[in-house]
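Asker: Take any residue in the sequence shown, count from 1 to its spot, add 167: that is its number in the numbering used here. Backbone N, C-alpha and C define an ideal beta-carbon position, used for all residues, glycine too.
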Amino acid sequence: EKIEEYNIIVPSMRLDSIVAQSIGLSRTKTSEVISQGRVFVNAQNCLNNSKNLKVGDFFTIRGKGRFLIKEQKGNTRKNKIVLVMEKKI
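#1: Could you pull out every residue in the same chain whose Cβ sits closer than 6 Å to the Cβ of Ile201, ignoring the five residues on either side in sequence?
#2: With DSSP run on the structure shown, which of helix, strand or coil describes Arg194?
#3: If you draw a straight line from the alpha carbon of Gln211 to that of Arg229, how long is it in whole angstroms?
#4: Just to confirm, is the Cβ distance from Lys247 to Val177 under 8 Å?
#5: Would you decide whether Gln203 is buried or exposed? Buried here means 16 or more other CB atoms lie within 10 Å of its CB.
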């Protein structure tokens, strides 16, 4: 497995927000992906868009890969959250 590390900036720790930034989709399209049952959080199927994630949680998106929230670096000036993510390819 190859691991890629990158940063994302999200307004909140909601599942739909983090998934949208991780794979480059809008939150509306991400909501469709979640409602189709293609997203698993900590190996459990999750259909709740507003589920709050925390550092150390991992999620899988069928067809896109496995992602881990490695750490929270801090906040931006506009009070958005900067996260360090790992993607397993």
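Answerer: So, from the data block:
#1: Walking along the sequence shown from the start, residue 201 turns up at place 34. Asn216.
#2: If you number the sequence shown from 1, residue 194 lands on position 27. Arg194: helix per DSSP, three-state reduction.
#3: Against the sequence shown, residue 211 aligns to sequence position 44. Against the sequence shown, residue 229 aligns to sequence position 62. About 13 Å.
#4: By 1-based counting over the sequence shown, the position of residue 247 is 80. By 1-based counting over the sequence shown, the position of residue 177 is 10. It is a contact, given that the beta carbons lie within the stated cut-off.
#5: Translated into positions along the sequence shown, residue 203 becomes position 36. So Gln203 ends up on the exposed side.
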